[in-house]
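Numbered continuously in the numbering used here, the sequence shown closes out at residue 408.
Every residue gets a Cβ at the ideal spot worked out from N, C-alpha and C, and that includes glycine.
For reference, the structure is listed below as C-alpha coordinates.
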Amino acid sequence: MDILQVNNVSKAYSGHLALDDVSLNVPEGKIYGLLGPNGAGKTTLIRIINHITAPDSGEVLFDGHRMTQEDVEHIGYLPEERGLYKKMKVGEQAVFFARLKGLSKAEATRELRKWFEKFDILSWWDRKVEELSKGMAQKVQFIVTVLHRPKLLIFDEPFSGFDPINANLLKEEILKLREEGSTVIFSTHNMNSVEEICDHITLINNSRNILSGDVEELRRRFFADRYDLTFTGDPRGLMERLQPLAGEFKMLDPDGRGRNRLSLHVNGGGSDEALRNVISVANDTVALAGFSESIASMNDIFIRAVEEDSAERVSE
(Lines of atoms letter the chains of each structure in order from A and count residues from 1; the text may use other names and numbers.)
(Lines give C-alpha, C1' and ligand atoms only; values in the text may rest on other atoms or scores of the structure.)
Protein backbone atom coordinates (compact mmCIF):
# COMPACT_ATOMS: atom_id res chain seq x y z
CA MET A 1 0.00 0.00 0.00
CA ASP A 2 1.17 3.54 -0.76
CA ILE A 3 1.09 5.85 2.26
CA LEU A 4 1.60 8.91 0.07
CA GLN A 5 0.58 9.67 -3.52
CA VAL A 6 1.52 12.83 -5.37
CA ASN A 7 -0.61 13.27 -8.47
CA ASN A 8 0.31 15.75 -11.24
CA VAL A 9 1.51 18.48 -8.87
CA SER A 10 2.72 21.78 -10.34
CA LYS A 11 3.91 24.92 -8.56
CA ALA A 12 5.26 28.25 -9.87
CA TYR A 13 6.80 31.23 -8.07
CA SER A 14 6.98 34.60 -9.84
CA GLY A 15 7.32 33.05 -13.24
CA HIS A 16 9.68 30.27 -12.09
CA LEU A 17 8.22 26.76 -12.49
CA ALA A 18 9.36 24.93 -9.34
CA LEU A 19 7.40 21.72 -10.03
CA ASP A 20 6.12 20.61 -13.42
CA ASP A 21 3.37 17.94 -13.31
CA VAL A 22 5.20 15.77 -10.74
CA SER A 23 3.73 12.42 -9.68
CA LEU A 24 5.11 9.73 -7.36
CA ASN A 25 3.94 6.95 -5.02
CA VAL A 26 5.64 6.27 -1.66
CA PRO A 27 5.15 2.67 -0.43
CA GLU A 28 4.37 2.17 3.24
CA GLY A 29 7.21 0.91 5.43
CA LYS A 30 9.99 1.82 2.96
CA ILE A 31 12.75 4.40 2.69
CA TYR A 32 12.06 6.56 -0.35
CA GLY A 33 14.83 8.68 -1.82
CA LEU A 34 13.83 12.03 -3.28
CA LEU A 35 16.86 12.92 -5.37
CA GLY A 36 18.01 15.76 -7.54
CA PRO A 37 20.48 18.62 -7.80
CA ASN A 38 20.02 21.75 -5.70
CA GLY A 39 17.15 23.83 -7.05
CA ALA A 40 15.48 20.88 -8.78
CA GLY A 41 12.23 21.25 -6.82
CA LYS A 42 12.66 18.72 -3.98
CA THR A 43 12.15 21.17 -1.13
CA THR A 44 9.11 22.73 -2.82
CA LEU A 45 7.51 19.29 -3.04
CA ILE A 46 8.27 18.60 0.63
CA ARG A 47 6.71 21.93 1.62
CA ILE A 48 3.56 21.03 -0.31
CA ILE A 49 3.36 17.63 1.41
CA ASN A 50 3.66 19.39 4.79
CA HIS A 51 0.97 21.95 3.90
CA ILE A 52 3.49 24.78 4.27
CA THR A 53 2.52 25.86 0.77
CA ALA A 54 -0.17 24.73 -1.68
CA PRO A 55 0.21 23.40 -5.23
CA ASP A 56 -1.12 25.40 -8.17
CA SER A 57 -2.57 22.17 -9.55
CA GLY A 58 -2.62 18.48 -8.71
CA GLU A 59 -3.25 16.74 -5.39
CA VAL A 60 -1.56 14.86 -2.56
CA LEU A 61 -3.16 11.77 -1.02
CA PHE A 62 -2.25 10.48 2.45
CA ASP A 63 -3.31 7.00 3.54
CA GLY A 64 -5.71 6.81 0.60
CA HIS A 65 -7.52 10.14 1.06
CA ARG A 66 -6.89 13.69 -0.02
CA MET A 67 -4.42 15.12 2.44
CA THR A 68 -5.64 17.61 5.04
CA GLN A 69 -3.95 19.79 7.65
CA GLU A 70 -4.89 17.19 10.29
CA ASP A 71 -2.77 14.59 8.46
CA VAL A 72 0.33 16.71 9.04
CA GLU A 73 0.17 15.62 12.69
CA HIS A 74 1.22 12.17 11.48
CA ILE A 75 4.34 13.53 9.75
CA GLY A 76 7.74 14.16 11.29
CA TYR A 77 9.65 16.74 9.25
CA LEU A 78 13.33 17.61 9.61
CA PRO A 79 13.99 20.53 7.24
CA GLU A 80 17.39 21.38 5.81
CA GLU A 81 17.16 24.89 7.27
CA ARG A 82 17.08 24.05 10.96
CA GLY A 83 16.58 26.35 13.90
CA LEU A 84 16.39 26.14 17.67
CA TYR A 85 15.77 28.88 20.24
CA LYS A 86 19.33 29.69 21.27
CA LYS A 87 18.63 31.02 24.75
CA MET A 88 16.52 28.06 25.92
CA LYS A 89 18.01 25.06 27.67
CA VAL A 90 18.39 22.02 25.43
CA GLY A 91 16.19 19.65 27.44
CA GLU A 92 13.56 22.33 28.09
CA GLN A 93 13.27 23.07 24.37
CA ALA A 94 13.11 19.40 23.39
CA VAL A 95 10.29 18.84 25.89
CA PHE A 96 8.49 21.90 24.50
CA PHE A 97 8.57 20.53 20.96
CA ALA A 98 7.56 17.05 22.12
CA ARG A 99 4.52 18.46 23.91
CA LEU A 100 3.49 20.23 20.71
CA LYS A 101 3.38 16.73 19.18
CA GLY A 102 0.94 15.54 21.86
CA LEU A 103 3.20 13.96 24.48
CA SER A 104 2.72 14.72 28.17
CA LYS A 105 5.59 16.44 29.99
CA ALA A 106 6.44 13.28 31.94
CA GLU A 107 6.29 11.05 28.85
CA ALA A 108 8.32 13.52 26.78
CA THR A 109 11.01 13.85 29.46
CA ARG A 110 11.30 10.07 29.89
CA GLU A 111 11.55 9.31 26.17
CA LEU A 112 13.82 12.24 25.41
CA ARG A 113 16.32 11.20 28.07
CA LYS A 114 16.51 7.74 26.46
CA TRP A 115 17.24 9.26 23.07
CA PHE A 116 19.71 11.80 24.48
CA GLU A 117 21.63 8.99 26.15
CA LYS A 118 21.65 6.95 22.92
CA PHE A 119 23.02 9.97 21.01
CA ASP A 120 25.55 10.75 23.78
CA ILE A 121 24.19 14.25 24.52
CA LEU A 122 22.46 13.68 27.88
CA SER A 123 25.13 15.73 29.65
CA TRP A 124 23.94 18.74 27.62
CA TRP A 125 20.34 18.57 28.91
CA ASP A 126 20.66 21.70 31.10
CA ARG A 127 23.01 23.63 28.81
CA LYS A 128 21.80 26.43 26.55
CA VAL A 129 21.18 25.66 22.89
CA GLU A 130 23.68 28.35 21.82
CA GLU A 131 26.45 26.24 23.39
CA LEU A 132 25.72 23.27 21.12
CA SER A 133 27.85 22.46 18.11
CA LYS A 134 26.05 22.22 14.77
CA GLY A 135 26.18 18.42 14.93
CA MET A 136 24.74 18.33 18.46
CA ALA A 137 21.92 20.69 17.47
CA GLN A 138 21.11 18.44 14.52
CA LYS A 139 20.94 15.43 16.85
CA VAL A 140 18.44 17.26 19.05
CA GLN A 141 16.26 18.14 16.08
CA PHE A 142 16.39 14.61 14.71
CA ILE A 143 15.26 13.25 18.09
CA VAL A 144 12.37 15.71 18.31
CA THR A 145 11.32 14.81 14.75
CA VAL A 146 11.02 11.05 15.41
CA LEU A 147 9.97 11.07 19.08
CA HIS A 148 6.20 10.90 18.54
CA ARG A 149 6.55 7.93 16.11
CA PRO A 150 4.79 9.51 13.12
CA LYS A 151 3.56 7.38 10.22
CA LEU A 152 5.70 9.35 7.77
CA LEU A 153 9.13 10.85 8.36
CA ILE A 154 10.64 13.40 5.98
CA PHE A 155 14.35 14.19 6.25
CA ASP A 156 15.78 16.97 4.04
CA GLU A 157 19.57 16.46 3.74
CA PRO A 158 19.76 14.85 7.22
CA PHE A 159 23.51 14.08 7.04
CA SER A 160 24.53 17.62 6.14
CA GLY A 161 27.25 18.79 8.55
CA PHE A 162 27.74 15.41 10.26
CA ASP A 163 31.11 13.73 10.59
CA PRO A 164 31.26 10.10 9.31
CA ILE A 165 30.75 8.55 12.76
CA ASN A 166 27.62 10.54 13.57
CA ALA A 167 26.32 10.20 10.00
CA ASN A 168 26.57 6.43 10.42
CA LEU A 169 24.77 6.65 13.78
CA LEU A 170 21.94 8.57 12.12
CA LYS A 171 21.80 6.10 9.22
CA GLU A 172 21.46 3.17 11.64
CA GLU A 173 18.62 4.91 13.47
CA ILE A 174 16.79 5.59 10.18
CA LEU A 175 17.10 1.92 9.24
CA LYS A 176 15.75 0.92 12.68
CA LEU A 177 12.77 3.22 12.19
CA ARG A 178 11.98 1.45 8.92
CA GLU A 179 12.25 -1.94 10.66
CA GLU A 180 9.74 -0.69 13.24
CA GLY A 181 7.25 0.22 10.50
CA SER A 182 7.95 3.88 9.77
CA THR A 183 7.93 5.22 6.22
CA VAL A 184 10.77 7.60 5.40
CA ILE A 185 11.20 10.16 2.63
CA PHE A 186 14.86 10.98 2.37
CA SER A 187 15.71 14.07 0.30
CA THR A 188 19.31 14.45 -0.81
CA HIS A 189 21.78 15.02 -3.62
CA ASN A 190 24.30 12.65 -1.97
CA MET A 191 24.16 9.48 -4.04
CA ASN A 192 26.30 7.33 -1.69
CA SER A 193 23.80 7.57 1.15
CA VAL A 194 20.98 6.60 -1.23
CA GLU A 195 22.64 3.28 -2.12
CA GLU A 196 23.07 2.47 1.56
CA ILE A 197 19.53 3.04 2.83
CA CYS A 198 16.91 3.70 0.11
CA ASP A 199 14.46 1.09 -1.24
CA HIS A 200 12.87 3.30 -3.91
CA ILE A 201 13.78 6.62 -5.52
CA THR A 202 12.40 9.47 -7.56
CA LEU A 203 14.84 11.71 -9.41
CA ILE A 204 13.69 15.28 -9.96
CA ASN A 205 15.56 17.45 -12.45
CA ASN A 206 14.54 20.90 -13.65
CA SER A 207 11.22 20.61 -11.82
CA ARG A 208 10.19 17.29 -13.42
CA ASN A 209 10.16 13.68 -12.27
CA ILE A 210 12.55 12.07 -14.76
CA LEU A 211 12.98 8.68 -13.10
CA SER A 212 11.23 6.56 -10.44
CA GLY A 213 11.57 2.96 -9.31
CA ASP A 214 13.03 0.28 -7.07
CA VAL A 215 16.71 1.01 -6.42
CA GLU A 216 18.05 -2.47 -7.24
CA GLU A 217 15.94 -2.77 -10.40
CA LEU A 218 17.14 0.61 -11.62
CA ARG A 219 20.78 -0.25 -10.91
CA ARG A 220 20.48 -3.39 -13.04
CA ARG A 221 18.42 -1.79 -15.82
CA PHE A 222 20.82 1.09 -16.36
CA PHE A 223 23.71 -1.33 -16.85
CA ALA A 224 21.80 -4.00 -18.80
CA ASP A 225 24.10 -6.47 -20.61
CA ARG A 226 27.20 -4.91 -19.05
CA TYR A 227 29.81 -7.09 -17.35
CA ASP A 228 33.13 -6.79 -15.51
CA LEU A 229 36.16 -8.97 -16.19
CA THR A 230 39.03 -9.40 -13.72
CA PHE A 231 42.23 -10.76 -15.24
CA THR A 232 46.00 -10.80 -15.50
CA GLY A 233 47.37 -9.99 -18.93
CA ASP A 234 47.34 -7.40 -21.71
CA PRO A 235 44.16 -5.25 -21.64
CA ARG A 236 44.68 -3.89 -25.14
CA GLY A 237 45.07 -7.36 -26.63
CA LEU A 238 41.96 -8.55 -24.81
CA MET A 239 39.86 -5.65 -26.10
CA GLU A 240 41.03 -6.29 -29.66
CA ARG A 241 40.06 -9.96 -29.45
CA LEU A 242 36.67 -9.13 -27.91
CA GLN A 243 35.66 -6.42 -30.39
CA PRO A 244 33.45 -8.72 -32.50
CA LEU A 245 31.58 -9.80 -29.35
CA ALA A 246 31.46 -6.67 -27.16
CA GLY A 247 31.93 -2.91 -27.04
CA GLU A 248 31.90 0.20 -24.82
CA PHE A 249 35.11 -0.94 -23.12
CA LYS A 250 36.14 0.86 -19.93
CA MET A 251 39.14 0.09 -17.75
CA LEU A 252 38.30 0.08 -14.03
CA ASP A 253 40.59 0.41 -11.04
CA PRO A 254 42.64 -2.74 -10.34
CA ASP A 255 41.30 -5.16 -7.73
CA GLY A 256 42.88 -5.68 -4.33
CA ARG A 257 45.49 -8.00 -5.83
CA GLY A 258 46.55 -5.59 -8.56
CA ARG A 259 44.75 -7.48 -11.34
CA ASN A 260 43.23 -5.60 -14.26
CA ARG A 261 39.50 -4.97 -14.41
CA LEU A 262 37.61 -4.27 -17.62
CA SER A 263 33.97 -3.24 -18.00
CA LEU A 264 32.21 -3.96 -21.30
CA HIS A 265 28.83 -4.24 -23.00
CA VAL A 266 28.10 -7.71 -24.41
CA ASN A 267 26.55 -7.76 -27.89
CA GLY A 268 23.55 -9.97 -28.60
CA GLY A 269 21.45 -8.90 -25.64
CA GLY A 270 23.61 -10.73 -23.12
CA SER A 271 22.30 -14.16 -24.13
CA ASP A 272 23.84 -17.29 -22.61
CA GLU A 273 25.63 -18.01 -25.90
CA ALA A 274 27.01 -14.46 -26.12
CA LEU A 275 28.30 -14.64 -22.55
CA ARG A 276 29.92 -18.04 -23.14
CA ASN A 277 31.67 -16.69 -26.23
CA VAL A 278 33.06 -13.69 -24.33
CA ILE A 279 34.32 -15.91 -21.50
CA SER A 280 35.88 -18.35 -23.98
CA VAL A 281 37.80 -15.63 -25.85
CA ALA A 282 38.90 -14.03 -22.58
CA ASN A 283 40.16 -17.37 -21.26
CA ASP A 284 42.17 -17.89 -24.45
CA THR A 285 43.69 -14.39 -24.29
CA VAL A 286 44.42 -13.63 -20.63
CA ALA A 287 44.38 -15.33 -17.23
CA LEU A 288 40.72 -14.74 -16.41
CA ALA A 289 40.04 -14.52 -12.67
CA GLY A 290 36.48 -13.23 -12.61
CA PHE A 291 33.42 -12.44 -14.72
CA SER A 292 30.41 -10.72 -13.17
CA GLU A 293 27.40 -8.61 -14.05
CA SER A 294 27.95 -4.86 -13.65
CA ILE A 295 25.70 -3.01 -11.22
CA ALA A 296 25.28 0.72 -11.83
CA SER A 297 25.98 3.05 -8.92
CA MET A 298 23.34 5.64 -8.07
CA ASN A 299 25.81 8.26 -9.22
CA ASP A 300 25.97 6.54 -12.64
CA ILE A 301 22.17 6.46 -12.82
CA PHE A 302 21.88 10.08 -11.72
CA ILE A 303 24.32 11.32 -14.39
CA ARG A 304 22.83 9.23 -17.19
CA ALA A 305 19.22 10.13 -16.36
CA VAL A 306 20.03 13.85 -16.21
CA GLU A 307 21.94 13.66 -19.51
CA GLU A 308 19.03 11.86 -21.20
CA ASP A 309 16.54 14.37 -19.81
CA SER A 310 18.65 17.30 -21.04
CA ALA A 311 18.86 15.72 -24.51
CA GLU A 312 15.07 15.28 -24.59
CA ARG A 313 14.51 18.93 -23.63
CA VAL A 314 16.81 20.11 -26.41
CA SER A 315 14.89 18.02 -28.97
CA GLU A 316 11.46 19.22 -27.80
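Name the two residues that bound the continuous beta strand (DSSP E) containing residue i.
{"i": "Q230", "result": "Run containing Q230: none in the beta strand (DSSP E); it sits in the alpha helix (DSSP H), 226-238."}
{"i": "P119", "result": "108-119"}
{"i": "G305", "result": "300-306"}
{"i": "T294", "result": "292-297"}
Per the DSSP calculation, residue i is bridged to which residue(s)?
{"i": "H157", "result": "F154"}
{"i": "G382", "result": "T322"}
{"i": "K181", "result": "K220"}
{"i": "I167", "result": "L244"}
{"i": "R353", "result": "T322, L344"}
{"i": "A104", "result": "L109"}
{"i": "V98", "result": "L116, V152"}
{"i": "D280", "result": "Rather than Asp, the amino acid found at residue 280 in this sequence is Thr. Per DSSP, L127."}
Counting only the same chain and skipping the five closest in sequence on each side, list residues whose C-beta sits under 8 Å from that of residue i.
{"i": "G329", "result": "T377, V378"}
{"i": "S386", "result": "F315, R318, Y319, D320, S355"}
{"i": "V187", "result": "K197, A200, T201, L204"}
{"i": "L344", "result": "D320, R353, L354, S355"}
{"i": "P346", "result": "N352, R353"}
Please go through the same chain and pick out, in chain order, the residues whose beta-carbon is closer than 6 Å to the beta-carbon of residue i, but skip the five residues on each side of it.
{"i": "D401", "result": "N297, I302"}
{"i": "Y124", "result": "V118, I277, H292"}
{"i": "F189", "result": "V236"}
{"i": "V238", "result": "G168"}
{"i": "M93", "result": "E120"}
{"i": "L380", "result": "F323, A374"}
{"i": "M390", "result": "M283, V286, E287"}
{"i": "A397", "result": "L295, I302, L303"}
{"i": "A366", "result": "V358, G360"}
What residue range is occupied by the uninterrupted alpha helix (DSSP H) comprising residue i?
{"i": "L262", "result": "256-271"}
{"i": "S376", "result": "Reading the sequence as shown, one finds Asp at residue 376 and not Ser. Per DSSP, D376 belongs to the alpha helix (DSSP H) from 364-377."}
{"i": "M283", "result": "283-289"}
{"i": "G125", "result": "Looking at the DSSP string, G125 is not in any alpha helix (DSSP H); the run it does join, the beta strand (DSSP E), is 123-127."}
{"i": "T135", "result": "134-141"}
{"i": "P327", "result": "327-334"}
{"i": "T201", "result": "197-210"}
Got a sec? Which residues, its chain only, sit under 7 Å from residue i by beta carbon, not counting five neighbours each side?
{"i": "V182", "result": "W216, W217, R219, V221, L224, V232"}
{"i": "H157", "result": "none"}
{"i": "D148", "result": "S102, K103, A104"}
{"i": "E288", "result": "K263"}
{"i": "M228", "result": "I213, W216"}
Can you tell me whether residue i sits near the ligand NAD, meaning its C-beta is under 6 Å from at least one heavy atom of the ligand?
{"i": "K231", "result": "With respect to the ligand NAD, the structure shown offers nothing to examine, as it has no ligands at all."}
Note to self: Across the segment 97-111 and the segment 140-154, are there enough close Cβ pairs to call them in contact, namely three or more that are closer than 8 Å?
What the structure shows: The segment 97-111 vs the segment 140-154: in contact.
Do the segment 308-321 and the segment 158-165 make contact, defined as three or more Cβ pairs closer than 8 Å?
Three or more Cβ pairs closer than 8 Å define a contact, and the segment 308-321 falls short of that threshold against the segment 158-165.
>> With a threshold of 8 Å, are at least 3 pairs of Cβ atoms found where one atom belongs to the segment 164-173 and the other to the segment 233-247?
In response: The way I'd put it, the segment 164-173 does touch the segment 233-247; three or more beta-carbon pairs between them come closer than 8 Å.
- request: Could you tell me whether the segment 265-283 touches the segment 243-253, using the rule of 3 or more Cβ pairs below 8 Å?
  value: In this structure the segment 265-283 touches the segment 243-253; the number of beta carbon pairs closer than 8 Å is three or more.
message: With three or more beta-carbon pairs closer than 8 Å as the criterion, would you say the segment 109-116 touches the segment 130-141?
response: Contact between the segment 109-116 and the segment 130-141 is present, because at least three Cβ pairs lie under 8 Å.
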